[in-house]
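Novice: Questions regarding the structure given below will be posed in turn.
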Amino acid sequence: MIRARRTWATAIAVLTVAGVSPAVAYAQPKPPEVRPAAAANNNDALPPGWQITNTEGEQALEWHSPRPVPTGDARVEFHAHGKLVGVPEPDEDGRTFRLPLNDARTADLADLQVLAAGRRLDQKADSARDRRSPSAAKPPAKLPAGSVDPGKPGTYRTVTGEYALDPVRLPGLSAPVEMRGVVVAPQDAKGKRPIALFLHGRHTTCYVPGSDEPNIDWPCAKGAKPIPSHRGYLRDQELLASQGYVTVSISANGINGQDGNIEDAGAQARSSLVRTHLARWADWAAKPSAAPAAVRKAPKADLSRVLLVGHSRGGEGVNRAAMDSLYPPPPAQDGYRGAVRWHIRGTVLIGPTIFGHNPVPDVPSLTILPGCDGDVSDLQGQVYADGTRGVSTGKALHSSVYMVGANHNFFNTEWTPGQAQAPSSDDFGQDPERPDPVCSVGTATRLTADQQHRAGATYIAAAARLFVAGDDRVRELVDGSDRRAPSADPARVLTHAVGASRGAGFLPDGSVKVTGGRLCSAIDPDPRVACLDSAAGSSPHFAHWQPERESGRRAVALRWKSPGSAVTVRTAKPLSVKDAKSLALRVFVPPNSTGTQLDVSVTDASRKRANLGRVRVDGLPGSDRTSSYWAREVRVPLTAATRAGLDLRNIASLELTPRTRSGQAWLMDAWAWSPGTPAVSKAPLTRIDIGRIKVKEGDSGVRTYQVPVRASGKGSGTVRLYVLDPPTGKAKDRLVTVRPGGGIDVSVQVKGNKRFSWDVSQDVLVKAVRGAVVGSHSGGVIAENDDPMPKVTVKPAADKVTEGQPLKWQVALSVPADVEITNTLTFVPVPDRRELSTADVDRQWLLDLLGQVPNGEVPLSRLEHATLWASVPAGKTSAEVTVPTVRDQLAEPAEYVGLQSIDDEGKPQGPVLTGTVLNAP
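The numbering used here applies: residue 3 is where the sequence shown begins, and numbers increase by one.
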């Protein structure tokens, strides 16, 4: 039987083994992989595929995948009991991931899992969920065309060129990062032209022509070539250039190859790279003669009109660049030190990551969520819209664009099979034995690579035209107004938004009371509290951050069995919807459902009530592999409230009444809505950055340390601070008021002792709530172990027994440790002697050891993966390892078993231990 290890680490010690020969000491042994049923002598064995390794003295928790895990933008994470254990480092084989035990964030390793953007990598899809997937999915209805189509090419011919500058050094990266860009610009365009900068995401960096195994090394080895990911947006660049924009797509292979163990996954480095390029363009605009040839062929760039476009981790990078351009980061973390000589008008974020959950509220954004994203599959980029609610003035439009049938990679031609120079793949993956009803190639909802890229280019151009050119006619394509851009056909593209001309809102995150429904939590391990049971599916609105439970991130859940069951949302203070045209609601229903109808009513402070109208909400096409619980924006005019004489300056409650027989729905928010895109200006926000320090634990006493927290910017704000408990990973949170120069008082205590342990990381997380932005969202104090590892002695306790009695060996420590100390033994032949076989040992023990009982009589030394773990629990000084024998009715000579300590590569360590089993009289 496999039982998950509950102690969080296994120490590898200097081992002394005593057997039939004199005691011999030898250097640090390395435990091998824990095989699928290696729990016969250790009830806390790790699951299949997991092991503890020791490489050059550093112990690590290691998982080996049975299949290659493609390099992508989603971060591979180890979880246990629903809590983040840590972010492992990938090996070059693309299958092995290691987490140094010093970096583990919890002591509880029960129920180990490997996740990437909420997607399990260490198991096949749950068959129960498979059965809920429909046999075929239907695309949403085709929307009416908008009044303008930004995907149509402009009138300018284009010119293309490249530049390569000296590489730059960025903090936290050992190797320099390239400064390369491909420029596509309009020919013969007069005057200064706005500029769009593209940043690709995390992809493999190098390949050998003719080989199908790219890697993520940097710099590339001899004979290998850099993968030109930055050339994957040429079609998008050509469309924008034909419309009058100067465009540049920059290379970031040097960051991709070095961001594996950076706490922010390279967000700050990418920001530094983006701003370094912008600084060069500002130099060249001031002195054109100094520009590279590719830039001199282009019109002069207008740095007061900048659009940033980022794909995947590139999306998080340009978001951070927009933040850093308004609110400077800590100098020690920043790779750019010059003045800000540009104005970022907006960002486009394609299948982006947002590990910090830290969007920039005052820079307009458009986030493309690919419905068949197999990389950032939780569609966490939804946070770029949801995470801005109530943080600042709310004037910036934050659009969320759900593209049905699009995967992650095909927005970049260099990540697309048949178009890329290097090996590439469909990130969603295709399983012929289990085709996906939404995303398998050939389904009615799945886009081809060309269809997807054309749709992506269209919405990039829409953002440019709205955010940079200020053409408000485009807004209806991206703000939930249910209009389409014909150039994106046949893609089905759905949108909703927050900000812009939306006024007061019913926000479940705030002070509200709900009757008839349930005020639910986006992230909570308790299914009675959580908005959505993970077994039912996933929602981009509820993308997981780091704590197992989040406060103040909520929605309203509706469930009814008959029509007419009203749900009321009442705010602590009445809201003003005066001068608004409509009430805009963001509501989602289960995927593949149709026809959910809700009546929408409001009541003012004097209890006058008006029914505003009825809305219909349909679910998105979805399967067990997609994140399709995504909100549709629906609007009802406020004219009925005006006619009924309601005081629109004092609306006290919102009421939703289902009119369908039964169903479910979730309300994300409701806003007073008016058309238009107001001008956006920088708000006086406080910027918070959490740092991390390392200290020695010491031999005695308790020392108090302050977590470094930097507060800069202007004004004051509120953030939510999470402090994680190292042994359990559970978080305590509190709201904190922050002001520039004030910081946050976060103290942690480190208790000294003289017992060996692992380093202990006391982690702190922070998220903006109001009047603040967050740069580095995580930090803390690492207490480094400064005590020597104890020696281990393994000696016979009962190595000569009569059949029916157990063979026993004792594992003893020279001193107790605060972590489990383990040695590993395997069966080896005993030359010229009769060996103990599978017929001579307890059947249940053998089943626990191997997972099955072999046919026939097999010597124990010939069993594959028969590994015994000799473990001393934390705080103890000894433990036993046993081999239980059985008594039979045969008269036979003595039988022997050999046990050999081995390292993680299976190499022998020290002498062989021998056990003898005598025939029973």
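All C-beta atoms in this analysis are idealised placements derived from N, C-alpha and C, irrespective of residue type, glycine included.
(1) Just mark Ala-147 as buried or exposed, buried being the case when its beta carbon has 16 or more other beta carbons within 10 Å.
(2) Hey, how far is the Cα of Tyr-235 from the Cα of Gln-454?
(3) Which partner residues of Thr-720 appear in the DSSP bridge assignment?
(4) Please classify Arg-475: does DSSP put it in a helix, a strand, or coil?
(5) Along the chain, where does the beta strand (DSSP E) containing Glu-318 start, and where does it finish?
(6) Using DSSP's beta-bridge definition, name the partner residues of Cys-208.
(7) My output table needs one value for Phe-357: the three-state DSSP class, helix, strand or coil.
(8) For Pro-565, which option in Cys-522, Thr-659 and Glu-94 has the closest C-alpha, if you only look at C-alpha atoms?
(9) When DSSP labels each residue in this structure, what does Thr-369 get in the three-state scheme?
(10) Check whether the region 842–849 and the region 909–916 touch, using three or more Cβ-Cβ pairs below 8 Å as the test.
(11) Out of curiosity, what's the CA-to-CA distance linking Ala-785 and Gln-764?
(12) Name the two residues that bound the continuous beta strand (DSSP E) containing Val-179.
(13) Could you please give me the residues that DSSP links to Met-405 through a beta bridge?
(14) In whole angstroms, what is the alpha-carbon distance linking Ala-612 and Asp-581?
(15) Beta-carbon within less than 6 Å of Glu-478's beta-carbon, same chain only, minus the 5 sequence neighbours each way: which residues are those?
(16) I'd like to know whether the C-beta atoms of Val-783 and Tyr-707 end up nearer to each other than 9 Å.
(17) Helix, strand or coil: how does DSSP classify Val-470 here?
(18) What is the rounded straight-line gap between the Cα of Ala-557 and the Cα of Cys-522?
(19) Name the one or two DSSP bridge partners that His-400 has.
(20) Could you check the C-alpha separation between Val-569 and Gln-666 for me, to the nearest Å?
(21) Kindly identify the DSSP beta-bridge partner or partners of Trp-52.
(22) If you draw a straight line from the alpha carbon of Ser-442 to that of Met-325, how long is it in whole angstroms?
(23) By DSSP, does Trp-417 sit in helix, in strand, or in coil?
(24) For Trp-871, write down the residues that DSSP places opposite it in a beta bridge.
(25) Just to confirm before moving on: does the CB-CB distance between Pro-196 and Ala-463 stay below 9 Å?
(26) Could you say which of Ile-356, Gly-420 and Gly-431 lies nearest to Asp-375 if we only look at CA atoms?
(27) By the 10 Å Cβ neighbour count, where 16 or more other Cβ atoms means buried, how is Leu-870 classified, buried or exposed?
(28) Would DSSP call Leu-865 helix, strand or coil?
(29) Please classify Glu-866 as buried or exposed, where buried requires at least 16 neighbouring CB atoms within 10 angstroms.
(30) Could you tell me whether any non-hydrogen atom of the ligand SAH is closer than 8 Å to the CB of Ala-284?
(31) Please check the pair Asn-258 and His-345, which I expect to be a contact at CB under 8 Å, by giving their CB distance rounded to whole angstroms.
(32) Who are the near neighbours of His-498 in its chain, counting only those whose CB is closer than 8 Å to its CB and skipping five residues on each side?
(33) Helix, strand or coil for Tyr-235, going by three-state DSSP, please let me know.
(34) Inspect the CB distances between the region 433–452 and the region 406–421 and report whether three or more fall short of 8 Å.
(35) Rounded to whole angstroms, what is the Cα-Cα separation between Val-579 and Gly-615?
(36) Would you mind giving the Cβ-Cβ distance between Ser-839 and Val-860, rounded to the nearest angstrom? I have them listed as a contact below 8 Å.
Specialist: On the basis of the data shown:
(1) By the C-beta density criterion, Ala-147 is exposed, having fewer than 16 other C-beta atoms within 10 angstroms.
(2) Here the alpha carbons of Gln-454 and Tyr-235 stand approximately 12 Å from one another.
(3) For Thr-720, which the question treats as bridged, DSSP gives the partners Thr-739 and Arg-772.
(4) Correct three-state label for Arg-475: helix.
(5) Counting along the chain, Glu-318 falls outside any beta strand (DSSP E), though it belongs to the alpha helix (DSSP H) covering 315–328.
(6) Cys-208 pairs with Asn-217 and Pro-228.
(7) Three-state result, Phe-357: coil.
(8) Measuring from the Cα of Pro-565, the nearest candidate turns out to be Thr-659.
(9) In the structure shown, Thr-369 sits in a strand (DSSP, three-state: E or B).
(10) Contact annotation: the region 842–849 does not touch the region 909–916, with fewer than three C-beta pairs closer than 8 Å.
(11) Rounded to the nearest whole angstrom, the CA to CA distance from Ala-785 to Gln-764 is 8 Å.
(12) If you look at Val-179, you'll find it in the beta strand (DSSP E) that goes 179–188.
(13) DSSP, once it has assigned bridges, lists Pro-372 and Val-495 as partnering Met-405.
(14) Taking the Cα positions, Ala-612 is about 17 Å away from Asp-581.
(15) Correct list, in chain order: Gly-148 and Arg-485.
(16) In this structure, Tyr-707 lies closer than 9 Å to Val-783 by Cβ.
(17) DSSP places Val-470 within a helical segment (H, G or I) once states are collapsed to three.
(18) Answer to the nearest angstrom: the Cα atoms are 6 Å apart.
(19) Beta-bridge pairing links His-400 to Ser-367 and Val-500.
(20) About 12 Å.
(21) Answer by DSSP bridge pairing, in chain order: Trp-65.
(22) Approximately 38 Å between the Cα atoms of the pair.
(23) Three-state DSSP puts Trp-417 in a helix.
(24) Its beta-bridge partners are Thr-826.
(25) The Cβ atoms of Pro-196 and Ala-463 do not sit closer than 9 Å to each other.
(26) Minimum Cα-Cα distance from Asp-375 among the listed residues Ile-356, Gly-420 and Gly-431 corresponds to Gly-431.
(27) Leu-870 is buried by the Cβ-count criterion.
(28) Of the three classes helix, strand and coil, the one that applies to Leu-865 here is coil, per DSSP.
(29) Per the 10 Å Cβ criterion, exposed.
(30) Summarising the ligand content, the structure contains no ligands, and the ligand SAH is consequently not present.
(31) Not quite, the Cβ-Cβ distance comes to about 28 Å (not below 8 Å), so this is no contact.
(32) Excluding five sequence positions before and after His-498, the CB atoms of its chain that fall closer than 8 Å to its own CB belong to Ala-387, Ser-401, Ser-402, Asp-481, Gly-482, Arg-588, Ala-633, Arg-634 and Glu-635, given in chain order.
(33) DSSP places Tyr-235 in helix when its eight states are reduced to three.
(34) The region 433–452 vs the region 406–421: in contact.
(35) Val-579 and Gly-615: Cα-Cα distance of roughly 16 Å.
(36) Rounded, the Cβ-Cβ distance is 6 Å, consistent with contact.
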